[in-house]
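Some notes on the structure that comes next.
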Amino acid sequence: MIQFDLHVHTLFSLCGIHTVLELLERAKELGMKGFAVTDHGYTLGGRLNNPFFERFRSPCPEVKILKGIECNVLDNNGKIDVPRSFIDFIDIVLLGLHPNTSTGQGKDIYTDMLIAAMRKNPCVDIITHPNDPHYPVDYRRLVREAKIHGVALELNNSKIMYARTEVQSAVELIEACRDEGCFMAVNSDTHAIHELGDDGSVRPILASVGFPEEMIVNHDEASALRFIDSRRKNKS
Ligand SMILES: [Zn+2]
Ligand SMILES: [Zn+2]
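Written out as structure tokens, the structure is:
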């Protein structure tokens, strides 16, 4: 199980179905230490709102909640839909390629898009699901650039669990991170509640490749919070 899950959707995303409090209750049952609420940016219809970012506090002291967003790439020049008005309240910024970007443009273009976005937006902490077959990327090139910026690449449990990508794509991604010494984040990408904290589909793949545990930014609560704190300076 993931102690501190850094990629979780609530019903503030159009594709989400649970409230923050339902997820919190589930995390408590599981004995998780915390999770990041990372709903989609406006481009995918995310209903991000002031009270959550400015006023919400976890009512459950044993489960920490981080406030985040999963942003979208808007163009080839590094523009993303991070809501600048909430930036002071945001703990973590994820970035991924999603259906607002057209498919079929080829590996080089998608790699360039993500690299431009990392260069232009130091607030980005994690690139989500880089092994999505709809948006193929050059892992080696992406990993080298991510390492320069201290960005972690995500190993996404849902994509493997629901067979939305090949196991081999995860193997290649992990190998590239291992060889280049780039951080990874192991996340559930929860939409449905039973997915919270689940890393059961990717753990055997990590073990087969031999990825060092200490290079997983959220391998435990302390490492997750250290990673977040180390990047807070990029959020202003
Ligand atoms: Zn995503
Ligand atoms: Zn997501």
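In the numbering used here, the protein residues as written are 126 to 361.
All residues carry an ideal CB built from backbone N, CA and C; glycine is no exception.
In this text the structure is predicted, and so the values were computed from the model without any measurement.
DSSP beta-bridge partners of Val296
The count along the sequence shown starts at 1 and reaches residue 296 at position 171. Paired residue(s): none; Val296 is not in a bridge.
Leu139, buried or exposed, once every other Cβ within 10 Å from all chains shown has been counted against 16
As a working note, residue 139 is residue 14 in the sequence shown. Exposed is the call here.
Between which two residues does the beta strand (DSSP E) carrying Leu280 extend?
The residue you call residue 280 lines up with position 155 of the sequence shown. Looking at the DSSP string, the run of the beta strand (DSSP E) that includes Leu280 is Ala277 to Asn281.
Leu350 lies in the alpha helix (DSSP H); which residues open and close that run?
As a position in the sequence shown, residue 350 is number 225, starting the count at 1. Note, Leu350: alpha helix (DSSP H), Glu346 to Ser355.
Can you give the beta carbon distance from Cys302 to Phe336, rounded, assuming they're within the 8 angstroms contact cut?
If you number the sequence shown from 1, residue 302 lands on position 177. If you number the sequence shown from 1, residue 336 lands on position 211. The Cβ separation is near 7 angstroms, so the contact holds.
Under three-state DSSP, which class holds Cys302?
Indexing the sequence shown from 1 puts residue 302 at position 177. If DSSP states are grouped into helix, strand and coil, Cys302 belongs with the helices.
Quick check on DSSP: helix, strand or coil for Thr236?
Within the sequence shown, residue 236 is the residue found at index 111, counting from 1. Thr236: helix per DSSP, three-state reduction.
In terms of residue numbering, what span does the beta strand (DSSP E) encompassing Glu147 cover?
What you label residue 147 is simply residue 22 of the sequence shown in a count that begins at 1. Element bounds for Glu147: not the beta strand (DSSP E) but the alpha helix (DSSP H), Val145 to Leu155.
Three-state class that DSSP yields for Ala317 in the structure shown:
Here residue 317 corresponds to residue number 192 of the sequence shown, with the count starting at 1. If DSSP states are grouped into helix, strand and coil, Ala317 belongs with coil.
Alpha-carbon spacing of Lys204 relative to Lys245, whole angstroms:
Numbered from its first residue, the sequence shown carries residue 204 at position 79. Numbered from its first residue, the sequence shown carries residue 245 at position 120. Cα-Cα distance, rounded: 8 angstroms.
Output needed for Val218: all residues of its chain with C-beta closer than 7 angstroms, excluding positions within five of it in sequence on either side, in chain order.
In the sequence shown, the residue the question calls residue 218 occupies position 93. Closer than 7 angstroms at Cβ, skipping near neighbours: Gly193, Ile194, Cys196, Val207, Cys248, Val249 and Asp250.
Check each candidate in Glu279, Glu305 and Cys307 and name the one with the smallest Cα separation from Ser294.
Your numbering for residue 294 matches position 169 in the sequence shown. With distances taken between Cα atoms, Ser294 lies closest to Glu279.
Quick check: Lys272 and Gly221, are their CB atoms within less than 8 angstroms of each other?
What you label residue 272 is simply residue 147 of the sequence shown in a count that begins at 1. What you label residue 221 is simply residue 96 of the sequence shown in a count that begins at 1. No, these two residues do not count as a Cβ contact at 8 angstroms.
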